[in-house]
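To convert, take the position in the sequence shown, counting from 1, and add 1; that gives this note's numbering.
Every residue gets a Cβ at the ideal spot worked out from N, C-alpha and C, and that includes glycine.
Okay, structure first, notes after.
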Amino acid sequence: MKNITFPRPLKKGDKIAICSPAGYIAKEKVEGAVRQLRRQGWEPVVMPHALGRWGHYSGTPEERYSDMAAALTDPEVRAVLCSRGGYGVVHIMDDLAKLPLADDPKWVIGFSDISALHALMASKGIASIHSPMAAQIMKGESDVDTASLFGILRGERPAYVFPGHDYDRYGIATGTLLGGNLAVLAELINTPYDILRPDTILFLEDVSEPIYKIERIFYQLRLSGVLGKVRGLIVGQFTEYKPDDNYADMETMIRDLVAPYSYPVAFNVPCGHVDHNIPLIESAKVTLKVSPSGSNSIIFHRS
């Protein structure tokens with residue numbers, strides 16, 4: 002891993018650009034997020050194509066790139082909130098990678114397909130935030146995960162405590178946190194944006210993927226040597242799938258695939274396409290504690 006740069010904390014009056022680099026989004030969700038960001042004292046800026054539509058996307062690849070490039074290079078913009086995921090970030094990654102992102106790094110915020118942007122930022126040595134997007138942020142600070150996101154943007158480093166699971170493998174590990182949507186990240190293997198690598202604490206989630214497909218990706222990670230060499234594994238929420246003839250649930254399959262290894266594994270972590278989706282700082286140093294007490298934690302370090 003490169004030395005990691007953390008974008009500076011936001012202060013009152015800082016601009017947050019709202020972009021839609023993948024799917025199109027309902028206007029009211031963006032408007033709701035704008036209201037909440039203003040209540041925090043920040044200045045949200047809805048980029049020109051953020052509310053557009055071009056098929057399944059918010060705009061053409063050129064339009065989506067234009068919004069992201071403008072936001073990432075504007076010295077007055079301190080964070081880029083992706084309005085939603087979907088699919089489409091991969092269309093613009095190579096062009097975004099040519100920008101001088103490390104010269105004035107911004108916080109990139111989002112999850113799902115935005116995992117591709119987090120991988121891009123990690124490849125440039127820049128921390129980013131895997132976190133709720135507009136639909137959840139519009140709930141404001143009454144939503145615990147939105148409140149946590151706002152704290153991270155102001156410079157806080159969170160410590161999360163969550164219940165254990167019967168499949169947990171106990172232990173303590175410290176390392177660089179990387180991960181996100183498994184299907185998205187698997188498509189980046191052997192590209193410049195591959196973050197499924199050894200010697201990290203890996204967190205994974207997914208939605209609407211059959212068990213066999215996730216199993217196939219885990220086997221790829223096993224055969225490549227990655228799965229046996231991570232420092233710890235955080236199994237987030239795998240949702241909207243059906244049992245198959247071999248496994249009733251995703252967690253049992255994952256338990257079996259990581260059984261040969263000894264690192265700590267935390268199951269059922271509140272991260273993914275669910276209402277409780279804790280913000281996680283990609284590329285940050287963390288300590289993962291998986292305890293027989295039934296209380297697990299992820300603690301973010303300052304450096």
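Residues in the same chain with beta-carbon distance under 7 Å from residue i, minus the five sequence neighbours each way, listed in chain order, please.
i	result
lysine 28	Leu52
leucine 179	Ala123, Ile196, Thr201, Leu203, Glu283 and Ser284
glycine 126	Lys3, Asn4, Ile5, Thr6 and Ala103
aspartate 105	Pro76
alanine 267	Asp169, Ile235, Val236, Leu289, Val291 and Asn297
arginine 155	Pro10 and Leu11
Does the distance from the C-beta atom of residue i to that of residue j stay below 9 Å?
i	j	result
alanine 128	isoleucine 279	no
leucine 38	leucine 82	yes
aspartate 207	isoleucine 215	yes
arginine 158	isoleucine 17	no
methionine 134	alanine 34	yes
alanine 187	glutamine 238	no
glycine 89	serine 59	yes
valine 46	phenylalanine 163	no
glycine 56	arginine 85	no
lysine 30	methionine 122	no
valine 291	tyrosine 171	yes
phenylalanine 301	alanine 148	no
serine 209	tyrosine 262	no
threonine 61	leucine 100	no
phenylalanine 219	leucine 258	yes
arginine 65	isoleucine 93	yes
alanine 117	tyrosine 194	yes
Sort out for me which residues DSSP pairs residue i with in a bridge.
i	result
valine 208	Thr240
leucine 281	His131
asparagine 297	Phe163
lysine 368	No answer is possible for residue 368: the residues shown for the chain start at 2 and end at 304.
valine 227	In the DSSP output, where bridge partners are listed per residue, valine 227 has none listed.
arginine 170	Val266
glycine 176	Val287
isoleucine 202	Leu178 and Gly233
alanine 18	Val46 and Val81
valine 109	Val81
glycine 24	Tyr58
threonine 6	Ile127
By how many angstroms is the C-alpha of residue j removed from the C-alpha of residue i?
i	j	result
isoleucine 19	alanine 98	19 Å
valine 227	tyrosine 264	13 Å
glycine 333	glutamate 44	Nothing can be reported for residue 333, as the shown portion of the chain is limited to 2 through 304.
lysine 107	aspartate 245	42 Å
threonine 288	serine 113	23 Å
leucine 205	isoleucine 255	11 Å
alanine 23	histidine 274	16 Å
glycine 141	aspartate 276	13 Å
asparagine 247	proline 211	12 Å
aspartate 169	serine 298	12 Å
histidine 119	glycine 181	8 Å
arginine 198	glycine 229	10 Å
alanine 72	glutamate 252	39 Å
For residue i, collect the residues of the same chain with a Cβ closer than 6 Å to its Cβ; drop the 5 residues on either side in sequence, then sort them by chain order.
i	result
glycine 176	Thr201, Ile202 and Arg232
isoleucine 115	Cys83 and Gly86
tyrosine 25	Arg54 and Ser59
Among residues of its own chain, excluding the 5 on either side of residue i, which ones have a beta-carbon nearer than 8 Å to its beta-carbon?
i	result
glutamine 137	Asp144, Asp146, Thr147, Asp276 and Asn278
serine 304	Lys286
I want to see whether chain C comes within less than 9 Å of residue i, judged by CB atoms only; does it?
i	result
alanine 51	In the displayed structure, chain C is absent; only one protein chain is listed.
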